[in-house]
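Numbered per the working numbering, the sequence shown spans residues 11 to 329. Cβ coordinates follow ideal geometry from the N, Cα and C atoms, glycine included. Here is the structure we will look at, set down as structure tokens.
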Amino acid sequence: MKFKHTVNLLIDNFKTTYKLLLYRTIISVLSIAAYSGFITLFFKDLSGIEYYNNLKDTFSALFSDFLDGHFENMQTYFPAIGDNVKSLLNYFSDNPSLLAGFIAEMLAVSLVFRFLQGLGNFTASELINDKMAMQAESPFVITLIKNLGKACAYNGIYVPLSLIYDGLCVVALYYLLFKALAALPLLANIFLAVLFMILLIALKLAFATDWLPAMICGKKRVDKAMCYSFSRKSGGTLSVYTFYAFSCILIMGVNIAAAVFTFGVGTLITIPLSYVYLLCFEFANYYVNNDVKFFTDKRTIVKPEHEKETSREDFLRGE
């Protein structure tokens with residue numbers, strides 16, 4: 011039933027996809043500009059290094075011969091490329107500040123980018139909740155500004171935790187696939203990499219699934235909402251985890267198909283739609299588990315089997 015409610019909510023909140031698309035496009039353009047600026051400065055610093063200039067000239071000559079069809083000369087460039095790459099890596103090991111500074115800049119941009127993305131997701135969550143509770147069409151920008159404090163508090167905790175978790179997952183996958191299971195064939199390694207990646211993403215989503223709804227619908231503070239979500243007091247952890255594992259496969263398949271068959275154009279819709287789909291499930295799961303009635307469209311109200319009576323105190327608090 012939760013999957014059915016999720017699909018119905020996704021249809022009812024389809025306009026939110028376009029609002030989120032516009033927001034994410036603006037954020038992505040700003041992030042790409044920041045990435046490009048730092049990358050340009052990094053390569054400008056490398057221009058004074060002999061090994062980098064030799065490597066650039068070698069690649070330029072290799073590309074020129076490739077375009078001219080002189081394929082017989084291409085193998086002669088590979089030893090020079092290998093020697094210059096080794097020399098450049100040795101230079102970085104002797105001068106770690108240059109590479110460390112660049113990595114720090116990339117991580118800082120990534121952190122800010124994900125933080126700003128999170129503000130958009132929080133706003134989309136507010137829009138979904140307003141639709142479910144009152145069938146209200148809330149404006150995106152006004153909702154973003156009105157809830158900026160709560161959104162910053164949430165993303166100030168969630169984004170660093172998510173980055174740390176993602177980093178640990180990358181390290182674990184690297185050692186598992188390239189150390190422990192290095193003897194397996196390439197296709198088996200690719201299969202296991204995708205499988206473990208899906209399982210790890212689903213695990214993160216399952217434990218964080220009640221965080222946003224507990225803040226927005228449950229009116230909890232960010233720390234109490236986090237504890238509520240991570241403690242899995244709502245129950246159904248296995249079913250929630252299974253849903254997210256299935257959804258990761260579905261989302262991956264849809265986005266890859268959109269990228270391949272529409273030359274990337276379809277991903278403009280499928281990527282923000284994927285986020286809205288996951289948010290719709292979070293709220294459908296929270297509403298059902300907490301016995302709160304909600305709209306799935308203008309004419310359909312989902313009522314819990316054991317609806318709670320609203321006390322006078324809750325009514326005055328607006329709960």
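Notebook entry, point to check: Should the stretch 168-177 be regarded as contacting the stretch 62-73, the criterion being three or more beta carbon pairs within less than 8 Å?
Noted result: no
Next item on the list: Compute the Euclidean distance between the alpha carbons of Ile59 and Leu99, then round it to the nearest angstrom.
Entry: In this structure, the alpha-carbon of Ile59 lies about 12 Å from that of Leu99.
Notebook entry, point to check: Does the beta-carbon of Ala118 have 16 or more other beta-carbons within 10 angstroms, so that it is buried, or is it exposed?
Noted result: With fewer than 16 neighbouring CB atoms inside 10 Å of its own CB, Ala118 falls in the exposed class.
Check: So the beta strand (DSSP E) Val312 belongs to, where does it begin and stop?
Finding: Residues 310-312.
Check: Does the stretch 135-155 touch the stretch 225-236, meaning 3 or more C-beta pairs lie closer than 8 Å?
Finding: yes
Item checked: DSSP three-state assignment for Thr306, whether helix, strand or coil -> In this structure, Thr306 counts as strand in the three-state DSSP scheme.
Next item on the list: Give the DSSP-derived three-state secondary structure of Pro149 in the structure shown.
Entry: coil
Next item on the list: State the DSSP-derived secondary structure class of Lys160, mapped to helix, strand or coil.
Entry: helix
Item checked: Extent of the continuous alpha helix (DSSP H) to which Gly128 belongs -> 106-144
Check: Just reading off the alpha helix (DSSP H) that Val270 is part of, what are its end residues?
Finding: 247-271
Next item on the list: Pick helix, strand or coil for Thr219, following the three-state DSSP scheme.
Entry: coil
Note to self: My output table needs one value for Leu32: the three-state DSSP class, helix, strand or coil.
What the structure shows: helix
Notebook entry, point to check: Is it true that the stretch 282-289 meets the stretch 39-49, where meeting means three or more beta-carbon pairs spaced less than 8 Å apart?
Noted result: no
Notebook entry, point to check: Would a C-beta distance cut-off of 8 Å place Leu129 and Ala163 closer than the cut-off?
Noted result: Contact: no.
Checklist line | At least three beta-carbon pairs within less than 8 Å, the stretch 11-23 to the stretch 291-310 | finding: yes
Checklist line | 8 Å Cβ cutoff met for Thr219 and Asn295 | finding: In this structure, Asn295 lies closer than 8 Å to Thr219 by Cβ.
Check: Closest to Met236 by CA distance: which of Val181, Trp221, Lys229, Arg242 is it?
Finding: Trp221
Checklist line | Residue of Gly276, Lys234, Ser244, Arg34 minimising C-alpha distance to Thr125 | finding: Residue 125 is actually Phe in this sequence, not Thr. Taking only the C-alpha atoms, the option nearest Phe125 is Arg34.
Next item on the list: For the alpha helix (DSSP H) holding Ala294, just list the boundary residues, first then last.
Entry: 277-299
Next item on the list: Going by CA-CA distance only, name the one from Cys290, Ile311, Gln127 that's closest to Val17.
Entry: Cys290
Notebook entry, point to check: By DSSP, does Asn23 sit in helix, in strand, or in coil?
Noted result: coil
Note to self: Measuring CB atoms only, is the stretch 182-196 touching the stretch 243-258, in the sense that at least three cross pairs come out at less than 8 Å?
What the structure shows: No: the two stretches stay apart, fewer than three of their Cβ pairs being nearer than 8 Å.
Checklist line | Under the three-state DSSP convention, the category Asn18 falls into | finding: helix
Checklist line | Pick from Gly276, Leu121, Ser244 that is closest to Phe293, judged by C-alpha positions | finding: Check the Cα spacing between Phe293 and each of Gly276, Leu121, Ser244: the tightest is with Ser244.
Margin query: Once DSSP output is grouped into helix, strand and coil, what is the label at Met236?
Written below: helix
Check: Whose CA, out of Leu209, Val232, Gly276, Arg242, lies closest to the CA of Ser257?
Finding: Closest by alpha carbon: Leu209.
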